[in-house]
Every structure is written in C-alpha cells, then in structure tokens.
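Each residue of the sequence shown is one higher than the one before, counting from 1 in UniProt numbering.
One structure below.
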Amino acid sequence: MDDAEATNKKLDMVMIKLDEANVMIANSKAEICSRDGKISKMKKYTDDVKTSLKELMDDYNTALNEVNNLKPRVGELENEVTRQNGVISDMAMGNKEALRQVHEHYESKLEIYKTAYNELLQKSY
C-alpha cells in the first residue's frame, strides 16, 4: 500500500498543480479579456480623436479659405476709404476756402457800410 499511497499522493500533487495551472490559465484569460476591452476602448477613443481632428481641420481649412477670399475685398475697401478720405479732405478745404471768400466779401461790404455811415455822421455834424 505504500506504493499505492505514494502514487495517490503524487497523483494528488499533480492534480493540485494541474488545478493551480488551470486557475493561472483562467486568470490569464480574464486579464487578456480585460486588456482586450481596454484596447478596444483605446481604439475607439483614438478613432474619435481622429474624427474630431479631421472635422477641426476641415473647419480650419474652410475658415482659411474664407479669410483668403476676403483679403482682396479688404484691400478694395481700404483703398475706397483712402479715396473717400481724400475726397472729404478736398471738400473740407473747398468749404474752408468758400467760407474764407464769404467772410472776405461780407467784411469788405461791412467796411463799405462803415465808411458810408461815418461819412453820413460827418455830414450831419
């Protein structure tokens, strides 16, 4: 019976080691499944980031095209403002000159009236 007991004991030891190995295999499978889940989540996150980046790049390119399309119009408007400022300045100078001439005209008339008034005053005394 010693041999049978020894063999049974060895068999029990082998079975225990087999059970331990099966537990380790099951744990490894669970860990692999868990990692697979994490990898899937990371892949989805990466895909979402790529999609967002593509949308942002599309928006950026659209905005850049709009800016490039508006630049010539901005230049045209700046030139128009410069031209209109020149016209306004010329008109202001013209108005200033017209006011100066009106002032001179009435000043000379006033001088004539003063002179005539003074002559009348001298004649009446």
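All C-beta atoms in this analysis are idealised placements derived from N, C-alpha and C, irrespective of residue type, glycine included.
All figures in this text were calculated on a predicted structure; none of them were measured in a lab.
Alpha carbon to alpha carbon, how far is L11 from V23?
On the sequence shown, position 11 is the one that residue 11 refers to. On the sequence shown, position 23 is the one that residue 23 refers to. C-alpha separation (whole angstroms): 18 Å.
Reduced DSSP secondary structure (H/G/I, E/B, other) of Y117:
Here residue 117 is taken as the residue at index 117 of the sequence shown, counted from 1. Looking at Y117 - three-state DSSP - the assignment turns out to be helix.
Assigned secondary structure, Y60 (DSSP; H/G/I helix, E/B strand, else coil)
What you label residue 60 is simply residue 60 of the sequence shown in a count that begins at 1. Y60: helix per DSSP, three-state reduction.
Would you tell me roughly how many angstroms separate the C-alpha atoms of E107 and E80, rounded to the nearest one?
Position 107 of the sequence shown, counting from 1, holds the residue named residue 107. Position 80 of the sequence shown, counting from 1, holds the residue named residue 80. Between E107 and E80, the C-alpha separation is close to 40 Å.
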